[in-house]
Amino acid sequence: MEYPVLSRKLRPSGGLAGRFLSYLSDWEKEEVLLDWNEIAEKFGYVHIGSCRISPDHRFLAYTLDTSGGELFSLEVKDLQSKHVIFSPPDKGIVSLAWAHDSENLFYTVCDETLRPNQ
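Under UniProt numbering, read the sequence shown as residues 1 to 118, first letter to last.
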């Protein structure tokens, strides 16, 4: 099965600075943020629920289900190092939100009846 790939590409603004930056070879390079295929290769299956980029664009928080049971876990990836830096043991995560400081991430966990609880 082929899974999606989440990527981003910088877009120059108009004006002289934008024209200058468009000449730089790395400026229009696409950056892969999250490759579902790599995760599926590791676990055999993956369903990504929510994805949120931090306000400073340095981190990507996402929920994933690797069993098909719709109990999502959380991972936070540092987009500069490309490594997962945080993965709490909680299962059943249903929502994510970054604080404006990009240092704090809020998430909601379901109880045993799969209702949002904490």
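Ideal Cβ positions, reconstructed from N, Cα and C, are used throughout, including at glycine.
Original post:
Comparing alpha-carbon positions, which option in V32, H47 and V76 lies nearest F86?
Top reply: Of the listed residues, the one whose Cα sits closest to F86 is V76.
Original post:
The alpha helix (DSSP H) spanning E38 covers which residue range?
Top reply: Segment W36 to F43, the alpha helix (DSSP H) holding E38.
Subject >> Cα-Cα separation, Q81 to P55 >> reply: The question names Gln, but residue 81 is Ser in the sequence shown. Each residue's Cα considered, the two are about 17 angstroms apart.
**OP:** State the start and end residues of the unbroken beta strand (DSSP E) segment that holds A61.
**Re:** First-last of the beta strand (DSSP E) with A61: F59 to D65.
Original post:
My guess is that L71 and G92 are in contact by the Cβ rule of under 8 angstroms, so how many angstroms apart are they, rounded?
Top reply: Contact between L71 and G92 is confirmed by a C-beta separation of about 5 angstroms, below the 8 angstroms threshold.
Original post:
With DSSP run on the structure shown, which of helix, strand or coil describes L16?
Top reply: Note: L16 maps to helix in three-state DSSP.
**OP:** Return the bridge partner residues of L33 from the DSSP annotation.
**Re:** Note: L33 sits in no beta bridge, so no partner.
**OP:** Locate the beta strand (DSSP E) running through F72, then write down its first and last residues.
**Re:** Where F72 is concerned, there is no enclosing beta strand (DSSP E), given that its DSSP letter is neither H nor E.
Original post:
Under a three-way DSSP split, which group does Y107 fall into?
Top reply: Three-state result, Y107: strand.
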